[in-house]
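Asker:
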Amino acid sequence: MLENDNTIEVIGARVHNLKNIDISIPREQLVVITGLSGSGKSSLAFDTIYAEGQRRYIETFSAYARQFLGGLERPDVDKIDGLSPVIAIEQKTTSKSPRSTVGTITEIYDFLRLLYARAGEAYSYNTGEKMVSYSDGQISNLIKEHFNGKRINILAPVIRARKGHYAELFQQIAKQGFVKVRVNGQIVDISAGMKLDRYKTHDIEIVIDRLLVENTEDLDKRLAESIKTAMYHGEDVMMVIEHDTKEVRFFSRTLMCPTTGISYQNPEPNLFSFNSPKGACEHCNGLGIVNEINRNKIIPNPKLSIQKGGLAPLGETKSSWMFKQLEIIGEKYGFKLTDAIETIPEAAIEMILNGGNEKFSVSSKVAGVTKDYKIDFEGIAHFIKNQHDESGSSSIKRWAKEFMDEINCPECNGTRLKKESLFFKIDQKNIAELSAMDVSELSEWFKRLNAVLSDKQKTIATEILKEINDRLKFLLDVGLNYLSLNRSSKSLSGGEAQRIRLATQIGSQLVGVLYILDEPSIGLHQRDNERLINSLKNLRDIGNSVLVVEHDKDMIECADYVIDIGPKAGKFGGQIISKGTPAELLKEHTLTAQYLNGEMKIEVPKTRRTGNGKSIKLTGATGNNLKNVTAEFPLGQLICVTGVSGSGKSTLINETLYPILNEHFFNAVKKPQPFKKIEGLEHIDKVIAIDQSPIGRTPRSNPATYTEVFSEIRSLFTQTPEAMIRGYKAGRFSFNVSGGRCDTCEGSGVRTIEMSFLPDVYVECESCQGKRFNRETLEIRFKGKSISDVLNMTVDEAVPFFENIPKIYRKVKTIQDVGLGYITLGQQSTTLSGGEAQRIKLASELSKKDTGNTFYIMDEPTTGLHFEDIRVLMDVINILVDKGNTVLIIEHNLDVIKLADYIIDVGMEGGKGGGEILCKGTPEEVSKHKKSYTAKFLKKELG
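5 is the number of the first residue of the sequence shown in the numbering used here; add one for each residue after it.
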């Protein structure tokens with residue numbers, strides 16, 4: 005045991021599958037917890053240590069505050085000593101709001117706003133001139149200097165280029181004692197009932213004073229009064245016109261263009277915020293994108309007639325008001341609803357889409373009578389737009405979105421900000437241009453900035469620049485040099501989001517904190533691993549304890565202390581099987597140690613598959629950072645797409661290839677990134693993408709419902725003699741409909757306690773003791789087990805139990821084959837790890853009958869998997885490929901890459917330095933490439 009005051013002592017931990025374990029974790033060290041997927045690593049780190057830290061934090065609140073929070077349940081542990089304040093950096097914590105960006109999460113954008121508000125220089129958006137602002141004293145001196153000895157008019161602008169008759173305004177001006185106004189450049193007397201042409205645009209200024217500028221004593225006083233009055237009526241802007249030459253000069257207390265007189269407010273940080281009405285572009289409300297009607301989606305096939313459903317939102321002809329109006333439009337433009345849309349005149353299509361309101365007459369040549377018609381039609385495009393903008397129903401909004409495209413806002417060009425905000429510049433760059441740079445480019449720009457700032461700007465900006473530079477350095481340190489500040493946080497992968505939070509925490513420079521991280525190396529190329537490990541060591545060195553749940557070999561070898569949990573997963577895990585330094589771990593005979601010291605390893609295949617000779621070819625992909633990429637994907641092989649983080653792998657596969665295939669086979673609505681053409685789609689018959697998103701977000705979702713094996717189990721229970729006597733149908737055995745479920749908890753087995761602004765807490769239902777069903781339902785048994793007992797079985801127990809029922813056996817056997825024999829059929833989806841959720845999706849797809857022509861896409865399937873789990877997973881994937889299917893994996897893990905038949909390496913760097921295919925071929929061919937980072941590490945792995 006270590007010194008008591010320098011350890012965190014966990015005694016008697018029994019959360020989930022932990023077997024009453026005791027462990028001492030050294031403080032102020034980098035400690036790695038490793039072990040098989042599902043062995044209990046997260047149960048120890050997050051559900052025991054972090055949960056207790058959270059509970060103690062809430063205990064510090066007053067009783068009054070705690071009544072709103074409710075009590076957080078104490079984790080099932082006897083005692084934890086030596087616990088510091090805990091911060092968890094997980095994978096699932098970034099905001100999915102479209103307003104959240106990398107800049108706002110890291111707070112760099114907040115400092116940028118402050119920098120621009122205090123040190124930015126304003127330029128006119130009309131002339132590009134530098135804006136000026138004056139005090140009243142400066143204006144008075146400038147007038148005396150510039151107009152000495154001349155007659156001048158002092159005016160207050162009140163209306164700028166706006167339509168209206170302004171009768172009330174003239175009346176108001178007269179009431180305030182003014183007798184003259186300047187209207188559209190002409191000075192006129194205000195007369196009773198005076199008004200202008202309401203349909204023309206006008207400029208109106210009040211004539212405040214007319215005077216001769218001479219060096220007399222009372223001029224100063226008169227000028228000061230006039231300036232004050234003009235500023236009051238002109239809202240801090242005034243004009244001076246020389247009487248003879250009509251020369252105009254503008255003066256403003258705020259920022260103003262000296263030539264045209266347009267003025268800006270004095271800048272505040274919220275002028276540069278797209279989340280504030282003061283700074284956000286009014287057209288897109290600061291989102292940078294707007295939805296626009298796509299005519300081709302409304303009329304997908306112009307060869308069809310309106311009657312046959314040529315207008316997609318309306319469908320085939322019905323007797324409704326909408327079709328009556330279309331018939332009237334047909335009368336006006338001389339077409340019938342049975343005509344092909346391509347033959348209908350363009351003017352008629354324009355009215356059908358955008359509406360119209362008019363009366364017209366049509367005379368019948370045969371009967372010689374004239375019929376009057378009235379069109380009052382909103383237009384299909386307008387109707388869809390209004391439904392999208394104003395409907396409160398999410399399903400109607402979704403329907404309307406099917407006929408719309410998301411495009412960059414035409415007003416702000418996707419920058420999210422008002423025009424004025426974009427004309428404040430530092431070194432000729434506005435805040436949106438800085439947000440669009442990637443972090444490495446931005447860091448270089450800030451290093452050069454000091455040389456171009458004026459002395460005044462340097463004084464103001466010193467502290468702000470220090471904060472910005474520090475935060476940029478931390479982002480670079482965790483390998484995020486390719487991200488830009490305007491990147492939406494919902495487009496970040498779990499690993500990227502986690503490393504951003506890590507960079508933010510390092511930036512906060514807290515000391516004496518216990519940080520718990522969940523696999524921070526996800527999505528990170530081996531090249532950047534060292535930088536990440538150094539960042540964690542940096543956190544440790546300033547006086548924090550760092551606890552990392554991790555499978556990465558480099559991370560385990562660099563740790564100060566390693567805890568290995570096992571020996572297997574689920575109920576066969578939950579024990580500490582080894583603890584100590586990495587060197588001590590290697591001497592043990594645990595699974596982890598055997599893989600680390602080379603006793604066990606994933607073998608490189610002797611031969612590579614050559615595929616079926618067919619391929620899919622994608623030409624001219626240019627989304628995000630892709631540089632006109634052409635990629636060929638050979639079919640019938642295991643393909644690996646590799647490259648450093650941010651090089652363009654996800655853009656090429658998840659945002660270009662997958663949406664194209666999905667649209668082709670399943671009419672999906674997600675729009676692919678731009679590309680020229682795709683060939684070879686006829687060689688496959690469906691596409692399946694398996695990602696790491698949770699399989700369900702409520703306690704009602706579980707592996708049995710997700711894989712649909714539960715429907716078969718319920719059907720089986722209805723066929724038992726007792727159920728048939730009682731007349732029970734399948735619904736009786738469902739916990740989602742009333743009848744057979746427990747009425748107290750409505751079949752969830754737990755009651756939800758709402759926690760105001762904290763996550764909800766779930767407690768076991770007292771009526772059914774968590775069994776989900778009522779007494780009558782539980783009396784029905786199959787082989788002595790009730791439906792609740794079946795849900796509590798592990799998959800390993802279910803396989804022999806259902807071996808004589810093929811439909812059920814096939815599905816549960818597949819879950820066992822992907823290495824999830826330890827989970828229970830009814831385990832809540834919310835308690836599954838990312839790796840487990842992905843393998844359940846995989847099992848669900850594998851249990852379906854495959855055609856041998858399926859294209860599978862998997863994004864980092866090794867997340868959350870131990871070396872042994874990867875071996876099991878790759879065995880299953882190889883079975884798929886051996887049947888003739890194609891599996892494409894985006895991956896950084898060398899154990900997977902070395903098993904591939906074909907590698908496509910994207911690079912060379914992340915962000916703007918990436919977006920090209922560096923090399924492709926078998927692992928042996930790729931490992932010979934001179935420039936590729938992947939090749940360098942792969943060469944070592946292949947030996």
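A virtual CB, placed ideally from N, CA and C, is assigned to each residue, including glycine.
Could you tell me which of S46, I921 and D222 sits nearest to G578, measuring between CA atoms?
Answerer: Within the sequence shown, the letter at position 574 stands for residue 578. Looking at S46, I921 and D222, the one whose alpha-carbon comes closest to that of G578 is S46.
Asker: Identify every run of the alpha helix (DSSP H) within the stretch 173-198, keeping only runs that are complete inside it and at least 4 residues long; order them along the chain.
Answerer: none
Asker: Any idea if V741 is buried or exposed, counting beta-carbon neighbours within 10 angstroms, 16 or more meaning buried?
Answerer: Taking the sequence shown and counting its residues from 1, one reaches residue 741 at position 737. Exposed, by the Cβ-count rule.
Asker: Is N706 helix, strand or coil by DSSP?
Answerer: Taking the first residue of the sequence shown as 1, we reach residue 706 at position 702. The answer is coil: DSSP assigns N706 none of H, G, I, E or B.
Asker: Check whether the Cβ atoms of G44 and I844 lie closer than 8 Å to each other.
Answerer: As a first step, residue 44 is located in the sequence shown; it is residue number 40 there, counting from the start. As a first step, residue 844 is located in the sequence shown; it is residue number 840 there, counting from the start. Taking 8 Å as the Cβ cut-off, G44 and I844 do not qualify as a contacting pair.
Asker: Give, in chain order, every unbroken run of the alpha helix (DSSP H) that is at least 4 residues long and sits entirely within the stretch 904-936.
Answerer: The qualifying runs are 927-930.
Asker: What residue range is occupied by the uninterrupted beta strand (DSSP E) comprising G16?
Answerer: Taking the first residue of the sequence shown as 1, we reach residue 16 at position 12. T11 to A17 is the span of the beta strand (DSSP E), which, as asked, contains G16.
Asker: Which of helix, strand or coil does DSSP assign to P271?
Answerer: Numbered from its first residue, the sequence shown carries residue 271 at position 267. Note: P271 maps to coil in three-state DSSP.
Asker: Spatial neighbours of G124 within its chain, please: C-beta separation below 7 Å, excluding the five flanking residues on both sides.
Answerer: Residue numbering aside, residue 124 sits at position 120 when the sequence shown is read from its first letter. Once the five neighbours on either side are set aside, the close Cβ partners of G124 are P271, F428, K429 and I430.
Asker: Starting from F381, trace the beta strand (DSSP E) both ways and give me its first and last residue.
Answerer: Here residue 381 is taken as the residue at index 377 of the sequence shown, counted from 1. Where F381 is concerned, the enclosing beta strand (DSSP E) stretches over T374 to F381.
Asker: Under three-state DSSP, which class holds F339?
Answerer: Working through the sequence shown from its first residue, we reach residue 339 at position 335. Coil, per DSSP.
Asker: Going straight from the alpha carbon of A507 to that of V550, what length do you get?
Answerer: Within the sequence shown, residue 507 is the residue found at index 503, counting from 1. Within the sequence shown, residue 550 is the residue found at index 546, counting from 1. One C-alpha to the other measures close to 14 Å.
Asker: Below 6 Å CB to CB, which residues in the same chain sit around L6 once its five sequence neighbours on both sides are set aside?
Answerer: By 1-based counting over the sequence shown, the position of residue 6 is 2. Because the pLDDT at L6 is just 42, under 50, the model does not fix this residue reliably, and the value given afterwards should be weighed accordingly. Closer than 6 Å at the Cβ level, and outside the excluded window around L6, lie S28 and P30.
Asker: In angstroms with no decimal places, state the Cα-to-Cα distance between A727 and I620.
Answerer: As a first step, residue 727 must be located in the sequence shown, where it is residue number 723. As a first step, residue 620 must be located in the sequence shown, where it is residue number 616. If I take the Cα positions, the gap works out to 52 Å.
Asker: Given this structure, state the Cα-to-Cα distance separating R59 from K83, to the nearest angstrom.
Answerer: Here the question's residue 59 lines up with position 55 in the sequence shown. Here the question's residue 83 lines up with position 79 in the sequence shown. Cα to Cα, R59 sits roughly 13 Å from K83.
Asker: Could you tell me the alpha carbon to alpha carbon distance between K389 and R701, rounded to whole angstroms?
Answerer: Numbered from its first residue, the sequence shown carries residue 389 at position 385. Numbered from its first residue, the sequence shown carries residue 701 at position 697. Going by the C-alpha atoms only, they are around 32 Å apart.
Asker: With 16 as the cutoff for other CB atoms within 10 Å, does V767 come out buried or exposed?
Answerer: Here residue 767 refers to the residue found at position 763 when the sequence shown is read from its first residue. Exposed, by the Cβ-count rule.
Asker: So, is T419 buried or exposed, given that buried needs 16 or more other C-beta atoms within 10 angstroms?
Answerer: If you number the sequence shown from 1, residue 419 lands on position 415. Only buried fits T419, as 16 or more other CB atoms lie within 10 angstroms of its CB.
Asker: Find the nearest neighbour of V443 within the set S752, I504, Y61 and P524, judged by alpha-carbon distance.
Answerer: In the sequence shown, residue 443 corresponds to position 439, counting from 1. The option with the nearest alpha carbon to V443 is I504.
Asker: Would F786 and F871 qualify as a contact pair, given that the criterion is a beta-carbon distance under 8 Å?
Answerer: What you label residue 786 is simply residue 782 of the sequence shown in a count that begins at 1. What you label residue 871 is simply residue 867 of the sequence shown in a count that begins at 1. In this structure, F871 does not lie closer than 8 Å to F786 by Cβ.
Asker: So the alpha helix (DSSP H) G124 belongs to, where does it begin and stop?
Answerer: Residue 124 sits at position 120 when you count from the first residue of the sequence shown. Careful: G124 lies outside any alpha helix (DSSP H) and carries neither H nor E.
Asker: If you pair each beta-carbon of the stretch 379-396 with each one of the stretch 293-301, do three or more pairs fall below 8 Å?
Answerer: yes
Asker: Hey, would you say G238 sits closer than 8 Å to A165, going by beta carbons?
Answerer: Numbered from its first residue, the sequence shown carries residue 238 at position 234. Numbered from its first residue, the sequence shown carries residue 165 at position 161. Contact flag unset, no.
Asker: Terminal residues of the continuous beta strand (DSSP E) containing K681?
Answerer: Here residue 681 corresponds to residue number 677 of the sequence shown, with the count starting at 1. Residues K681 to E683.
Asker: Taking only three categories from DSSP, how would you classify M355?
Answerer: Your numbering for residue 355 matches position 351 in the sequence shown. Helix at M355.
Asker: Would you please state the rounded distance, in angstroms, between the beta carbons of H529 and Y937? I believe it to be under 8 Å.
Answerer: By 1-based counting over the sequence shown, the position of residue 529 is 525. By 1-based counting over the sequence shown, the position of residue 937 is 933. Yes, they are in contact, since the Cβ atoms of H529 and Y937 sit about 6 Å apart, within 8 Å.
Asker: Whose C-alpha, out of T634, G189 and K204, is nearest the C-alpha of H169?
Answerer: The residue you call residue 169 lines up with position 165 of the sequence shown. When each option's Cα is compared against that of H169, the closest is K204.
Asker: In the DSSP assignment, find the beta strand (DSSP E) that holds C644 and state where it starts and stops.
Answerer: Here residue 644 corresponds to residue number 640 of the sequence shown, with the count starting at 1. Note, C644: beta strand (DSSP E), L642 to T646.
Asker: By Cβ distance, which residues of its chain are closer than 8 Å to Y565, with the 5 residues on each side in sequence left out?
Answerer: Here residue 565 corresponds to residue number 561 of the sequence shown, with the count starting at 1. Taken in chain order, the residues that qualify are I29, P30, Q33, L34, V35, V36, K583, G584 and T585.
Asker: Which runs of the alpha helix (DSSP H), 4 residues or longer, sit entirely within the stretch 289-330?
Answerer: 299-302
Asker: Would you please state the rounded distance, in angstroms, between the beta carbons of D800 and Q820? I believe it to be under 8 Å.
Answerer: Counting from 1 along the sequence shown, the entry for residue 800 is found at position 796. Counting from 1 along the sequence shown, the entry for residue 820 is found at position 816. Right, the Cβ-Cβ distance comes to about 6 Å (below 8 Å), so this counts as a contact.
Asker: Would you please state the rounded distance, in angstroms, between the beta carbons of T858 and I692? I believe it to be under 8 Å.
Answerer: Position 854 of the sequence shown, counting from 1, holds the residue named residue 858. Position 688 of the sequence shown, counting from 1, holds the residue named residue 692. Sure, about 6 Å apart at Cβ, within 8 Å.
Asker: With H, G and I counted as helix, E and B as strand and the rest as coil, what does DSSP make of V608?
Answerer: As a first step, residue 608 is located in the sequence shown; it is residue number 604 there, counting from the start. Coil.
Asker: Taking only heavy atoms of the ligand FAD into account, decide whether any of them is closer than 7 Å to the Cβ of F174.
Answerer: Here there are no bound small molecules, and the ligand FAD is not part of this structure.
Asker: Which word fits V930, buried or exposed, when buried means at least 16 other C-beta atoms lie within 10 angstroms of its C-beta?
Answerer: Here residue 930 is taken as the residue at index 926 of the sequence shown, counted from 1. With 16 or more other Cβ atoms within 10 Å, it is buried.
Asker: Once the 5 residues before and after T724 are set aside, which same chain residues still bring their CB inside 8 Å of it?
Answerer: Here residue 724 refers to the residue found at position 720 of the sequence shown. Correct list, in chain order: I784, R785 and F786.
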